[in-house]
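In my numbering, the protein residues as written are -2 to 272.
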Amino acid sequence: MAVAAAKLGNHAVLLTKVGGDPLGQYIVNKLDSWGVDTKYVLTESNGLTPVVLAALDPPEDPKLIFHRQPNAPDTTINSDSIPKDLIDNCGVFWMSGCALAHGETAKSSFKWLAQRNRKSHTIIDLDYRPSFWSSLQEAGAAARAAIANCTVVVGNRTECEMAIGLTDPNAIADKLLTDGVELAIVKLGAEGVMLATSTERIRIAPCKIKLVCGLGSGDAFGGALAHGLLHGWSVQQIGEFANAAGAYVATKLTCADAMPTEPILRDFIAEQQKI
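1) Determine the DSSP secondary structure at Arg275, reduced to helix, strand or coil.
2) Let me know the secondary structure DSSP gives Ser93 once reduced to three states.
3) Check this for me: beta carbons of Ala247 and Val209, under 8 Å apart or not?
4) Have a look at Leu174 and Leu180 and give me their C-alpha separation to the nearest angstrom.
5) Does the distance from the CB of Asn86 to the CB of Asn114 come in under 8 Å?
6) Excluding the 5 residues flanking Ala202 on each side, which residues of the same chain have their C-beta closer than 6 Å to its C-beta?
7) Which partner residues of Phe63 appear in the DSSP bridge assignment?
8) Tell me which residues share the same chain as Met256 and place their Cβ nearer than 7 Å to its Cβ, disregarding the 5 neighbours each side in the sequence.
9) Whose C-alpha, out of Ser231, Ile272, Asn153, Asn7, is nearest the C-alpha of Asp34?
10) Quick check on this structure: which residue in Thr13, Trp130, Gly186, Gly152 has the alpha carbon closest to the alpha carbon of Ala241?
11) For Met92, which residues in the same chain have their Cβ closer than 8 Å to its Cβ, ignoring the five residues on either side in sequence?
12) So, is His224 buried or exposed, given that buried needs 16 or more other C-beta atoms within 10 angstroms?
13) If you run the structure through DSSP and keep just helix, strand and coil, what is Ala9?
14) Suppose only complete runs of 3+ residues qualify. What are the beta strand (DSSP E) ranges in the stretch 182 to 256, listed by chain order?
15) How far does the beta strand (DSSP E) with Val33 in it extend, from its first residue to its last?
16) If distances are taken between C-alpha atoms only, which option among Lys104, Ser42, Thr251, Ile74 comes closest to Asp18?
17) Hey, could you find the ends of the beta strand (DSSP E) Val150 is sitting in?
18) In terms of DSSP beta bridges, what is Asp165 paired with?
19) Mapping DSSP to helix, strand and coil, what is Glu101?
20) Just how far apart, CA to CA, sit Ala136 and Trp130?
21) Buried or exposed for Thr164, please, with buried defined as at least 16 other CB atoms from any protein chain shown within 10 angstroms of its CB.
22) Return the residue from the list His228, Pro67, Val149, Lys104 that minimises the CA-CA distance to Ser128.
23) Please classify Ile84: does DSSP put it in a helix, a strand, or coil?
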């Protein structure tokens, strides 16, 4: 997601930690090449960088296999290692639900969300990965605690059911908005996406594409969403742009390498309008 935002011309700072191994250094170098600010990509000298394997079966919903030590480097981030003003002053603070699952990073993540205290734009991407949690109930409790400090919630129907026990998009939006969220975004897969605020509710139809790999579409969507929020776009504009970004990356085999620049994405949108 940081790569997606950076490729669109934004200053994207990534908070994570890698191991002190060649894979960790490779990741930092690649992030640098994509324009991501890696000042706070920390290194645990004796740690091993986790590996994720993706099986394109089916290609629209790849199966992910996580190879991680119990105390993987990205679960050991202490909040004191990140400047307070960096958290306070960023225009968009994006939190992945996976960061809430384990170790010191989970404690730091909740601390940062409380510090933001629903300052615009504080976003939780529910990003539910069952293997990260001991139970569905544990994941749901963490998600609800995070939502209480966020202005924007992003999730698909399965993730929203995990968090708030609802699957109907309108019911999900109603619940989140009642609970104080400013923008509720429900991804609907082949049916597109719904964006809801207290004053408007918009459904964006899916793009017409030949899907190659669904991996990375959510990250592209997130980067484009952040881009639109930072530029003060309307909900309609944000929805169309983010939906197109996700669709564009779904036509590619790779993930981070496939994240589009704004001119590339504008060309893709123009082509979609001709279909």
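Glycine included, every Cβ here is placed at the ideal spot set by N, Cα and C.
The answer reads as follows:
1) Only positions -2 to 272 of the chain appear in this structure, which leaves residue 275 out of reach.
2) The answer is strand: DSSP assigns Ser93 an E or B state.
3) yes
4) Rounded to whole angstroms, Leu174 to Leu180 spans 7 Å at the Cα level.
5) no
6) Gly189
7) Val49.
8) Val0, Ala1, Lys4, Ala217, Gly220, Val246
9) With distances taken between Cα atoms, Asp34 lies closest to Asn7.
10) Gly186
11) Ser106, Trp109, Leu110, Thr119, Ile120, Ile121, Asp122, Ala143, Cys147
12) buried
13) coil
14) 190 to 193, 198 to 201
15) Looking at the DSSP string, Val33 is not in any beta strand (DSSP E), and its letter there is neither H nor E.
16) Ser42
17) 149 to 153
18) Note: Asp165 sits in no beta bridge, so no partner.
19) Here Glu101 sits in helix by DSSP.
20) 6 Å
21) exposed
22) From the listed residues His228, Pro67, Val149, Lys104, the smallest Cα separation to Ser128 is found for Pro67.
23) helix
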